[in-house]
Amino acid sequence: MKPLCRLLLALALLLSSPAWARLDWSALEQYRAQQRLLYFEAASPALAGTLLVWPEQDRQHDWLAMAQYWQQRGWDFILLLPEPAQHSLDPATEQATPAQQAWLDRLGERLGQVLADTESAPPLLVLTQGSATPWYQQLVEAGRLPPPDALVVLDASPAGYARQQMLAMSLARSDYPVLDIYSHPHDPASRLNRLRRQYQATQREKNDYGQQHLQGHALLERHITAWLVRLGWLAPPPGAPDYLKGRIHETGISRSTDTGAGD
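Numbering (mature numbering (1 follows the signal peptide of the UniProt record, and there is no 0)) for the sequence shown: -21 to -1, 1 to 242.
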């Protein structure tokens, strides 16, 4: 059996059972211990880009099956293994504790090593999920990490005004396109975060910011691929609808007129 087939079989068994919680990641040949990540190299020698995924705590198993999709399209796929601190610490604190600052320093060094080889390569697309998003933005804004060429945010719904406003303003002042995807449209925290972020993006006239509702994790590749086509990164597939052939602003939902979102 070919190595790729063995890997896919192992992942299928992994994703269909509680075994992922006990997985020894170092047993996978794609595991890189120093950076604590899985690195899936593109299947073709002509590299089209790099997709770096920073998942929510305990959700890394959701992303394993996506690797092959991007590999087959000429992309390197990097899956970071999240750390408990990203969920337990507060990114909006005004005065970071020594422990939090030390963790941030280690995190910046770890991710800096990961991204060092991508600066002169084809486009870097970063996807952050949940609590990873404010930490990633913080590291980019502090100059600890190079900015991505584009950012996809998935279900980033921090609680509390300070965290929500900090993330909304950070995304609005970014100088790269942002696709803000949410899968819980009726969740109060998700709705409030979306309103704040749409308000800040409107105030700053950030026309390359947009929101989309995801109706199932299995559709995520389609959302991202369609967005990259509209950005001009990917060629439209044969027979693509007209809306994919132009580079248009990704709206997703109507712009908020609730001025209270920016208070």
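Positions of the beta carbon are idealized from the N, C-alpha and C atoms, including for glycine.
Remember, predicted model here, so these are calculated numbers, not experimental data.
- It is roughly 6 Å from the alpha-carbon of Arg170 to the alpha-carbon of Pro164.
- Between the stretch 39 to 53 and the stretch 65 to 82, the count of C-beta pairs closer than 8 Å stays below three; the two stretches do not touch.
- Inter-residue distance for Val32 and Ala147 is about 20 Å (C-alpha atoms, whole angstroms).
- Here the alpha carbons of Gly218 and Ala121 stand approximately 43 Å from one another.
- Of the other Cβ atoms in all chains shown, fewer than 16 fall within 10 Å of the Cβ of Ala12; this residue is therefore exposed.
- In the DSSP annotation of this structure, the continuous segment of the beta strand (DSSP E) that includes Gly28 starts and ends at Gly28 to Trp33.
- Counting only runs of at least 3 residues, the stretch 24 to 88 fully encloses the following beta strand (DSSP E) elements, listed from N- to C-terminal order: 28 to 33 and 54 to 59.
- Taking a cut-off of 8 Å for Cβ pairs, the stretch 36 to 47 and the stretch 78 to 89 do not touch, as fewer than three such pairs fall below it.
- Straight through space, the alpha carbons of Asp128 and Gln92 are spaced by roughly 18 Å.
- Counting of Cβ neighbours within 10 angstroms places Tyr178 among the buried residues, the total reaching 16 or more.
- Rounded to whole angstroms, the gap between the alpha carbons of Asn172 and Tyr140 is 9 Å.
- In this structure Val131 is in contact with Ile203, their Cβ atoms being roughly 6 Å apart against a cut-off of 8 Å.
- DSSP places Ala12 outside both helix and strand once states are collapsed to three, so it counts as coil.
- Cβ neighbours of Ala180 within its own chain (closer than 6 Å, five residues either side excluded): Ala151 and Tyr188.
- In the displayed model, Leu104 falls within a strand according to three-state DSSP.
- Around the beta carbon of Ser149, 16 or more other beta carbons lie within 10 angstroms, which makes this residue buried.
- Linking Leu90 to Glu20 through their CA atoms gives a straight-line distance of about 18 Å.
- Between Asp154 and Pro125 a beta carbon distance of about 12 Å is seen, past the 8 Å cut, so the two are scored as non-contacting.
- In this structure, Gln144 places its C-beta atom within 8 Å of the C-beta atom of Arg175.
- Each residue's CA atom was taken as its position, placing Leu210 and Ala27 some 14 Å apart.
- Residue range Pro167 to Gln182 is occupied by the alpha helix (DSSP H) that includes Ala168, with no beta strand (DSSP E) assigned at that position.
- Shortest Cα-Cα distance from Ser110 to any of His40, Ala214 and Glu35 involves Glu35.
- Here Ile57 has Leu16, Leu17, Tyr18, Phe19, Thr29, Leu30, Leu31, Val32 and Val93 as same chain residues with Cβ atoms under 8 Å from its own Cβ, once five neighbours each way along the sequence are excluded.
- Of Ile160, Leu158, Ala138 and Glu184, the smallest CA-CA separation from Pro167 is found for Ala138.
- Taking the C-beta atoms as reference points, Gln39 is found nearer than 8 Å to Pro61.
- For Leu207, same chain residues with a beta-carbon under 6 Å away, outside a window of 5 residues either side, are Leu213 in chain order.
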